[in-house]
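Numbering (full-length UniProt numbering), first residue to last: 1 to 727.
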């Protein structure tokens, strides 16, 4: 050995040597080592060949959580990867702050009540994509708890982005199933990907089945008439059947040359069939004969869509991404609502002619086109993003029966944004501005309006383990298509709901201050939020006098005065045994003040919960319990479902077997509750699913693969549409 050295970032090197000739040895990680005899002079370019062998594994000891201005970057542990069979399992094992993973329903929820968007390599991912994700492909997970303007959705609480290293250029596939023991419950999925040269062909299929026999809806109401009279009406629920199936097929083609370009084409077909959705009740009112309310709904929804995406990486760290999505939504809906004089039993009651019939059929057809483009440029300590999206749709819903109407809605939305992000030592920032022009028209009614959406996020690091973050943004919300439809629908002979084509978009002002502290055996996240909505859309209820002198209570969406929301959230995580035993705690306090055109309310609520998870070898055991979450809007409180779930899984090679216990310690089933505090109507409503209590679900999955490594370029954009506008 004579002498040695290392190259600089450009690959240049100088090694002083007194010999006239020497044997040069050049090595670099991922490339074949070169040994050649060279003269001691200017050697010129040295070309190295990539090495094709695969490393069995590299252990890196580093911080598991890295704090950024808008996100946490979290590296999954070996145990978390080993005991997971898909993307949902891995996310559940990682226990992200404020995030709950529902494995049975394959949903990711936020404790703060907003939406959670899932992405894979910056692409908005479908449920099938997450199920087809192999945990050992995931290098890190980006938990974006302050979504920037480029995501376009002001209702997002978080974006979870899996960074994935694609491994195969042969084929990879898998199947999984979940089967319940009490209620009709099944989730089954399969996927297959085949890679050749620069192309990847893929197919994904998922199936869901739900059948519930013991489902009832109870409503206890007090009604105050303008005459001063007070009525007490009780609707006692009978067990009514509930059934639906979903089928989802996704065909994909990807042409990619990493670091240069990516072309991705996806054809999706979604089918939802709900032939039975009963909600039958016994109506009781003092001084009147009992009535039987027979209510059933049927819906068939079919949604084909074509998604084309192209990304081009340009010199000087620039990128251009384009996305075009065309969607057709076909909906056939039946609503059956009849009132009978009660006669001994429901079966006997329906033998007589109905007292009233509020049934109708609806046929909906919607066509939409979404186009989006973004340009990004990265510098050493700064990044710029500029983009826009245009969404246009035409919806035609025809109602025939007790309600006769043809609601034709034309909608367009233009969204433009620019965003700058950077870092200077201990200080990071993200600033941007967005503008939206929304236009919705039904005949001569409608609106067109520009909405302004600035956002700023600042982060300061007190140390490598402690950071503080402040975020402020202005959001905009638009009315739903169903609320804009000028159509009256009867719940019964006493209550109805109207649409309102005069609704206007409303603005929200959001401020969040948070602190994050991470040490090897513990992490703590603390957040305080204040959000103020000006002229939010909420339901008004007014009595309407009919020709016979009786009153009909009509619900109607209207722009109210304001909505003031404050919350404080604390989520400590303790690693009781490093990489094996984790304990997660949560407590939250909410204060909500709502002010409407003729009402004012204040709500306070405290919730809490805990999860514990033990991972060792091939075993994964976890239990989570949370107090029922409640949300408050207008004059109504809505309660979610209770959480008390147990999961035990065992992994062996490419197989995983498991048992889930849903609604453990709830022998009488799952109950959803809501309350209404209107000055004319006070209600306590309860939906009970009795046969879901203490339900066991058996799970099994198998994954297989063959071939060499394959890498597809990251996708920056993805859009979809599933709003049919029918109510």
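For each residue, glycine too, the CB sits at the ideal point set by N, CA and C.
Since the model is a prediction, treat every value here as computed from it, not as a measurement.
Tell me residue i's beta-bridge partners as DSSP assigns them.
i	result
residue 540	556
residue 372	323, 389
residue 86	Residue 86 is not bridged to any residue.
residue 453	434
residue 428	423, 459
residue 165	According to DSSP, which records beta bridges pairwise, residue 165 is partnered with nothing at all.
residue 73	66, 142
residue 316	Bridge partners of residue 316: none, in fact.
Using the Cα positions of residue i and residue j, report the straight-line distance between them to the nearest angstrom.
i	j	result
residue 93	residue 84	8 Å
residue 320	residue 602	48 Å
residue 701	residue 175	6 Å
residue 14	residue 26	13 Å
residue 177	residue 327	29 Å
residue 311	residue 266	15 Å
residue 418	residue 107	31 Å
residue 470	residue 514	7 Å
residue 315	residue 374	16 Å
residue 714	residue 444	Low confidence applies here, because residue 714 scores a pLDDT of 48, under 50, leaving its location unreliable; read the following figure in that light. Straight-line Cα distance between these residues: approximately 44 Å.
residue 16	residue 47	21 Å
residue 451	residue 413	11 Å
residue 524	residue 614	20 Å
residue 253	residue 122	18 Å
residue 681	residue 553	8 Å
residue 323	residue 228	59 Å
residue 289	residue 491	19 Å
residue 82	residue 576	19 Å
residue 604	residue 487	35 Å
residue 594	residue 493	29 Å
residue 218	residue 637	16 Å
residue 403	residue 359	8 Å
residue 43	residue 21	11 Å
Could you name the residues of the same chain whose beta carbon sits closer than 7 Å to that of residue i, not counting the 5 residues immediately before and after it, in chain order?
i	result
residue 652	618
residue 59	Residue confidence for residue 59 is low, a pLDDT of 39 falling below 50, so the modelled location carries little weight; the figure read from the coordinates is stated next. Cβ neighbours of residue 59 beyond the five flanking positions: none.
residue 129	120
residue 226	543
residue 662	104, 645, 692, 695, 697
residue 255	198, 199, 263
residue 365	330, 396
Identify, in the order they occur along the chain, each residue of the same chain with its Cβ nearer than 6 Å to the Cβ of residue i, setting aside the five sequence neighbours on each side.
i	result
residue 215	240, 242, 689
residue 64	75
residue 357	338
residue 247	207, 271
residue 278	240, 241, 296
residue 423	381
residue 302	271, 330
residue 91	101
residue 223	231, 681
residue 221	233, 683
residue 495	553
Put residue i into one of helix, strand or coil per three-state DSSP.
i	result
residue 482	helix
residue 229	coil
residue 547	coil
residue 178	strand
residue 186	strand
residue 205	strand
residue 81	helix
residue 579	coil
residue 348	helix
residue 694	coil
residue 129	helix
residue 500	coil
residue 96	coil
residue 241	strand
residue 220	strand
residue 260	coil
residue 105	coil
Beta-carbon of residue i versus every beta-carbon of chain D: anything under 7 Å?
i	result
residue 608	Absent from the structure is chain D; it holds one protein chain and no more.
To the nearest whole angstrom, what separates the beta carbons of residue i and residue j, a pair I think is in contact under 8 Å?
i	j	result
residue 481	residue 526	No, residue 481 and residue 526 are not in contact; Cβ-Cβ is about 39 Å, not under 8 Å.
residue 582	residue 95	6 Å
residue 139	residue 163	5 Å
Looking only at its own chain, which residues have a Cβ that is under 8 Å from the Cβ of residue i, when we skip the five neighbours before and after it?
i	result
residue 667	693, 694
residue 506	476, 477, 533, 534, 535, 536, 537, 559
CB of residue i to nearest heavy atom of the ligand FMN: below 6 Å?
i	result
residue 410	This structure simply doesn't include the ligand FMN, nor any ligand for that matter.
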